[in-house]
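From first to last, the protein sequence lines stand for chains G and E. Quick note on numbering: numbering that gives the first Met the number 0 labels position 18 of the first sequence as 17, and the sequence is numbered without any gaps. Quick note on numbering: numbering that gives the first Met the number 0 labels position 205 of the second sequence as 204, and the sequence is numbered without any gaps.
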Amino acid sequence: MRSADLELAKRCRNGDAAAFEELYRTHAGRLYGLAFRMAGSAQEAEDLLQEMFLHAHRKLGTFRGESSLGTWLYRLGMNQCLDYLRGKQARMSQATDSLDAAGAGEPAGPLSSTPVVIHRLDLERAIRRLPDGCRAAFLLHDVEGFEHHEVASILGVSEGTSKSQVHKARMKLRTMLGRG
Amino acid sequence: MNCDVYQAQIGDFVDGTLDPLSEQRLLGHLATCPDCSAMADDFNTIRLTARGLDQPVPPDRAWTRLSAALEAERYQERRWWTFSPGARWQIAAVALALLVIVAAVTWTALRQVTPAPAPAVVATAPGPSTADPDLVRSVETELKLAEEHYEKAIAGLEQITNAGRSTLDPQVAAVLQKNLSIIDQAIGESRDALRAQPANEVAQQSLFGALRSKVTLLQETLTLINEMRKGNQEGAARIVSGLNQ
């Protein structure tokens with residue numbers, strides 16, 4: 000599997016357009032989903048997806064096969080998303096100084112009091128209200144299915160931090176969904 | 000052990016990664032503690048629901064935009080002096096146009112007046128549109144600058160696509176022209192609305208949406224011209240199919 004990734008990366012670096020399209024078709028769907036849930040809109044997600052793959056194209060020379068190509072792409076992609084959100088938050092706080100930055104992103108209260116089943120739309124809305132850091136960890140672990148050691152590798156944190164961020168996200172979601 | 004200790008293990012428990020001895024102890028506690036048992040149930044429900052969320056699908060144009068941008072980057076990587084003066088001018092115009100597009104789109108996306116992510120906070124904070132005329136003028140100036148960036152990018156792309164238009168099948172060229180006319184009409188209507196009401200956010204978003212669509216269409220046209228020059232019928236057919244939608 001790793002040798003196939005190295006071969007594909009090499010073909011892409013050598014300008015093989017079909018190889019790069021193969022890379023795109025394999026990973027764009029999940030990366031777009033990640034960008035969509037991090038950024039919050041389809042247009043931003045599309046722009047972020049373009050930036051992710053352009054960045055990946057420039058950085059393919061640094062892929063050494065220590066992780067899978069997918070994990071490597073997720074790492075680049077998540078960094079793009081987090082950088083974008085930091086920039087967006089900085090601009091929003093300039094335009095609206097009266098907002099409490101510490102309060103922005105904190106849950107406003109339960110969204111619903113559904114006793115047994117969580118509706119997917121409610122969960123999507125609640126996820127958008129999570130702080131960026133624990134939203135990233137939650138999306139990678141609970142939505143995309145990465146193990147904690149993979150989440151840690153993607154986010155550049157320890158496995159313990161990944162677990163605590165996912166725990167924090169689940170606790171906040173539980174509160175927002177009216178269950179805790 | 001108290002509930003805090005057990006609750007710290009619930010995450011690993013629902014993930015199926017808790018060691019057997021700890022799991023046994025935790026299960027014994029959950030059988031007697033309704034709070035911890037509810038927490039475990041909720042974590043499990045959240046995890047399962049999250050795993051079943053729909054996967055948003057990127058639009059087809061995402062690939063055509065990307066391949067146009069990649070082509071421009073590849074041209075940039077090749078040595079400058081191997082190209083004829085005419086080709087150098089075209090390559091520079093494409094690269095500059097794409098750079099301006101990315102800058103304008105990023106600038107516009109970050110500067111647009113949009114609702115804050117936490118509705119409760121917005122409800123209690125005073126909005127800038129009601130309290131700060133200087134901020135409104137500043138936003139108008141920046142919107143005008145972003146519009147100028149788009150127009151420059153469009154002008155650059157139009158020059159290159161017009162130069163290569165003879166490569167295109169007449170029917171395809173007619174479809175492209177029709178699509179461009181529709182977008183130009185939308186741009187005109189948005190501008191008319193903004194002249195009447197400069198702070199009209201819907202008209203602003205409509206204008207930038209239309210400008211963005213025009214840039215995307217011109218990029219796709221450029222990619223189509225390149226595919227036809229390379230003789231890649233399959234690639235060209237895919238792009239034409241997207242344009243006809």
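By construction, the Cβ of each residue, glycine as well, lies at the ideal position given by its N, Cα and C atoms.
The CB of THR48 of chain E comes closer than 7 Å to the CB of ILE117, ARG119 and LEU122 in chain G, given here in chain order. For ALA172 of chain E, the CB contacts under 7 Å within the same chain, skipping 5 residues up- and downstream, are ARG164 in chain order. Interface with chain E (8 Å Cβ-Cβ cutoff): GLY76 of chain G is excluded. Interface criterion met: the Cβ of HIS166 of chain G is under 8 Å from a Cβ in chain E.
Rounded to the nearest angstrom, the gap between the Cα atoms of SER161 of chain G and ARG178 of chain G is 23 Å. Sequence-distant Cβ neighbours of ALA136 of chain G in its own chain, meaning closer than 7 Å and more than five residues away, are VAL150, LEU154, SER161, GLN164, VAL165 and ALA168. Chain order gives the chain G residues near ILE45 of chain E as ILE117, LEU122, ASP141, ARG169, LEU172, ARG173 and LEU176, where near means a beta carbon separation below 8 Å.
Contact with chain G is found for ARG64 of chain E, since one of that chain's Cβ atoms lies less than 8 Å from the residue's Cβ.
In this model, LEU138 of chain G and ASN43 of chain E are separated by some 15 Å (Cα to Cα). GLY32 of chain G counts as buried, since at least 16 other C-beta atoms from the protein chains shown sit within 10 angstroms of its C-beta. Per DSSP, GLN42 of chain G is one residue of the alpha helix (DSSP H) stretching across 41–58.
GLN49 of chain G belongs to the set of residues whose beta carbon lies under 8 Å from a beta carbon in chain E. Within the same chain, Cβ atoms closer than 6 Å to the Cβ of LEU210 of chain E are found at TYR149, the five residues on either side in sequence being excluded. Taking a C-beta cut-off of 7 Å against chain G, none of the residues of the stretch 211–235 of chain E qualify.
DSSP places ARG63 of chain G outside any alpha helix (DSSP H), giving it a letter other than H or E. 8 Å or more divides the Cβ of GLY64 of chain G from the Cβ of LEU7 of chain G. In terms of beta-carbon proximity, ARG73 of chain E lines the interface with chain G, with at least one pair separated by less than 8 Å. Ranked by Cα distance from ASN1 of chain E, the first of E:PRO19, E:CYS35 and E:THR16 is E:CYS35. Cβ contact annotation for SER189 of chain E (same chain, cutoff 7 Å, sequence separation greater than five): ALA202, SER205, LEU206 and ALA209, in chain order. Taken through DSSP and simplified to helix, strand or coil, PHE145 of chain G comes out as coil. For LEU69 of chain E, the chain G residues whose Cβ falls inside 9 Å of its Cβ are ALA16, PHE19, PHE52, LEU53 and HIS56, in order along the chain.
The beta carbons of SER152 of chain G and SER66 of chain G sit closer together than 8 Å.
Residue state for CYS32 of chain E is assigned as coil, using DSSP reduced to three classes. With a threshold of 8 Å between beta carbons, TYR23 of chain G makes contact with chain E. Distance from the CA atom of ARG127 of chain G to the CA atom of LEU120 of chain G, rounded to whole angstroms, is 11 Å. Among the residues of the stretch 19–45 of chain E, those with a Cβ less than 8 Å away from any Cβ of chain G are ALA37, MET38, ASP41, PHE42, THR44 and ILE45, in the order of the chain. If the five residues before and after GLN176 of chain E are omitted, its C-beta is found closer than 7 Å to no C-beta atom of its own chain.
At a Cβ-Cβ threshold of 8 Å, ALA27 of chain G and PRO55 of chain E do not count as neighbours. Sequence-distant partners of MET37 of chain G (beyond 5 residues in either direction) whose C-beta falls short of 6 Å from its own C-beta, in its chain, are CYS80.
Residue state for VAL165 of chain G is assigned as helix, using DSSP reduced to three classes.
Chain-order list of chain E residues neighbouring LYS162 of chain G: GLY10 and ASP11, by C-beta distance under 8 Å. With 16 or more other CB atoms across the displayed protein chains lying within 10 angstroms of its CB, ILE9 of chain E is buried.
Straight-line measurement puts the Cα of SER157 of chain G at about 17 Å from the Cα of THR16 of chain E. With respect to chain E, the C-beta atom of PHE35 of chain G has a partner C-beta closer than 8 Å.
Taken through DSSP and simplified to helix, strand or coil, HIS118 of chain G comes out as coil. DSSP, read as helix, strand or coil, puts ALA198 of chain E in coil.
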